Amino acid sequence: MKKDEWFPFLSSLGLSSAYHHFEEGHSPAPPFLVYWFPASQNYGADNLAYHKGSQVRLELYTEKKDLGLEEKIEAALDSHSLFFDKEETYLDTEKLYQVIYHLSQ
Numbered sequence: 050m051k052k053d054e055w056f057p058f059l060s061s062l063g064l065s066s067a068y069h070h071f072e073e074g075h076s077p078a079p080p081f082l083v084y085w086f087p088a089s090q091n092y093g094a095d096n097l098a099y100h101k102g103s104q105v106r107l108e109l110y111t112e113k114k115d116l117g118l119e120e121k122i123e124a125a126l127d128s129h130s131l132f133f134d135k136e137e138t139y140l141d142t143e144k145l146y147q148v149i150y151h152l153s154q
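Quick note, the sequence shown lines up with residues 50 to 154 if you use the working numbering.
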C-alpha cells in the first residue's frame, strides 16, 4: 500500500484517523487511529535503493479493551495482504488502551 492510500483505507474502517497525531484540543473521543511512518526500510546494492519501503506504525486507542474492533482492523489488514506484528499497553495518564500494529510497506 502506498503512503497516500493509508488515510482513505483507515477512514473506510469508520474510525477517526490522523497522521502522527491529532491537533491539541481536537482529539476525538475514543476509539480512534493514528498512523505514521517512523523509518525507511529500503533494500539496495551498489549504492542504490532498489526497493524503497517504509515502516508503518498504526496505533489504536480505546477506553476499554475492544477485541471486536481489533479483529475488524486485523481483518482489513489481512484483506490487503498486510503482515503485522502487534503490541499493547495501557496509558495511565490518558486512561486509554493503546494497541500498536507494526507493518512494513
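Built from N, CA and C at the ideal position, the CB exists for glycine as well. The structure displayed is predicted, hence computed values, not measured ones.
Quiz item: By DSSP, does Phe71 sit in helix, in strand, or in coil?
Solution: coil
Practice problem: Determine the closest residue to Tyr99 out of Gln90, Pro79, Val105, Thr138, with distance taken between C-alpha atoms. | Solution: Gln90
Self-check item: At least 3 beta-carbon pairs within less than 8 Å: the region 141 to 153 vs the region 101 to 109
Solution: yes
Quiz item: With DSSP run on the structure shown, which of helix, strand or coil describes Met103?
Solution: The amino acid at residue 103 is misidentified as Met; the sequence shows Ser. Here Ser103 sits in strand by DSSP.
Quiz item: So, Pro87 versus Thr111, is the Cβ gap smaller than 7 Å?
Solution: no
Quiz item: Does the beta-carbon distance from Leu163 to Leu97 come in below 7 Å?
Solution: Since the first residue shown for the chain is 50 and the last is 154, residue 163 is missing from the structure and cannot be characterised.
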